[in-house]
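Okay, structure first, notes after.
2 protein chains.
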Amino acid sequence: MLRGVGLRVTRPRVAVLTAVYAHPHADTDTIIGAVREDIPEVSHQAVYDSLRVLTAAGLVRRIQPSGSLARYEARVGDNHHHVVCRSCGMVEDVDCAVGEAPCLIASDDRGYTIDEAEVTYWGLCSGCSPLEVPDHT
Amino acid sequence: MLRGVGLRVTRPRVAVLTAVYAHPHADTDTIIGAVREDIPEVSHQAVYDSLRVLTAAGLVRRIQPSGSLARYEARVGDNHHHVVCRSCGMVEDVDCAVGEAPCLIASDDRGYTIDEAEVTYWGLCSGCSPLEVPDHT
DNA sequence: CCTGCTTTCTTGAATCAGTCAAGATTGTGT
DNA sequence: ACACAATCTTGACTGATTCAAGAAAGCAGG
């Protein structure tokens, strides 16, 4: 898999890739923790570097909702988006209602050469929804 | 305007609000600079705080594309999105092709109570487009 | 207009994710 | 197995943002 994109196969990279598959939408610290279960002495630097290389190679994708740390996921190549909970910050995948390339055509592209449309849905997850907080006034 | 949302009217807040109107999509440093043309001795802290309060009150909106600093804009309440240049980081507004509430309905909301759909278009602005960089090999 | 209370601002330090750099180590092709 | 080049380790550093304590200013009532 790493060879497929012309990268050297090193222990840290394999572990990072595995960790991203095992923990979708995890932030960097979580990934470092997961990697250290395989290789206890990896440096954070190696993880940061691996993530950058894997992202550049297109094997993982980096997402960073406003106000959050960087997160990574291994689902790449398809067209999917994210829901983010405003309260707990949890992220989940959603496919877009419109189909394959939702909203990819802006009404006015302002002269930009657009290559991607990223959609982020903001709201509250089921755990954080104010079901039992009616009106306190 | 500030009074309209129940906030005290202070010099820094007025200046920050004015600066955000004058510099759409400006990052915090730019805003601090603009504010200091009115009030040379404002502390960065006052600006950060004003921005947070104004954002909470809904008078300005905070946006933060992946890998960028926080940026602010005064266009709120309408449904518009952004194009971001991958090269220079410039941000511009676009209205969505679909109309008023584009993509607001995810195909599967995963149990979330969604209140906003944010669309970010990624690409290259006209100034950064590789028009004169054909193929150098 | 003046007083007093509360919010907001100033000053200065601290935090924390992420980056930079130099030298040691490891992967790969021959 | 060897040599070269890429990658990792260690450790320091950056820079945006936040925290905290005391001073100043806005607002409501007299």
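Going line by line, the protein sequences match chains F and X. Per our numbering, the first sequence runs over residues 4 to 140. Per our numbering, the second sequence runs over residues 4 to 140. Quick reminder that beta carbons are idealized off the backbone N, C-alpha and C, glycines included.
Using CA atoms only, rank isn't needed, just tell me which of the options is closest to residue i.
i               : options                      : result
A77 of chain F  : F:P68, F:A60, F:R89, F:V87   : F:A60
G126 of chain F : X:D118, X:Y124, X:G126       : X:D118
P27 of chain F  : F:Y115, F:H47, F:R74         : F:R74
R16 of chain F  : F:G9, F:T116, F:L5           : F:L5
Y115 of chain F : X:T116, X:Y115, X:V86, X:V45 : X:V86
R65 of chain X  : X:D81, X:A120, X:M93, X:D30  : X:D30
S132 of chain X : F:C131, F:R113, F:V63        : F:R113
In the DSSP output, which residue or residues are listed as bridge partners for residue i?
i               : result
T21 of chain F  : Its beta-bridge partners do not exist; DSSP assigns none.
D81 of chain X  : Looking at the DSSP assignment, D81 of chain X forms no beta bridge with any residue, so it has no partner.
T33 of chain X  : None, per the DSSP bridge assignment.
I42 of chain F  : According to DSSP, I42 of chain F bridges with nothing at all.
G126 of chain F : F:C88, X:I117
D98 of chain F  : F:H83
R74 of chain F  : F:D30, F:I66
Use the C-beta contact count for residue i: other C-beta atoms within 10 angstroms, 16 or more gives buried, fewer gives exposed.
i               : result
G70 of chain X  : exposed
V2 of chain X   : What the structure shows of chain X is the stretch from 4 to 140, and residue 2 of chain X is not part of that stretch, so it cannot be assessed.
C88 of chain F  : buried
E103 of chain X : Confidence at E103 of chain X is low in this model, with a pLDDT of 46, below 50, so its placement is unreliable and no value can be given for it.
V122 of chain F : buried
A25 of chain F  : exposed
C91 of chain F  : exposed
H47 of chain F  : exposed
L72 of chain X  : exposed
V23 of chain X  : buried
V8 of chain F   : exposed
A120 of chain F : buried
A49 of chain X  : buried
Run through chain X and tell me which residues come within less than 9 Å of residue i, C-beta to C-beta.
i               : result
D112 of chain F : V86, V97, Y124, G126
S53 of chain F  : Simply none; closest approach about 18 Å.
Below 7 Å on C-beta distance, what does residue i contact in chain F?
i               : result
A120 of chain X : V122, Y124
I want to verify the contact list: residues of chain X whose CB lies under 7 Å from the CB of residue i, in sequence order.
i               : result
T116 of chain F : G126, L127, S132
S69 of chain F  : R65, I66, Q67
I think residue i touches residue j, with their Cβ atoms under 8 Å apart; what is that distance to the nearest whole Å?
i              : j               : result
I42 of chain X : R11 of chain X  : Not a contact, Cβ separation roughly 16 Å.
V19 of chain F : S53 of chain F  : 4 Å
H84 of chain F : Y124 of chain F : 7 Å
V38 of chain X : P68 of chain X  : With a Cβ gap of about 23 Å, V38 of chain X and P68 of chain X do not count as contacting.
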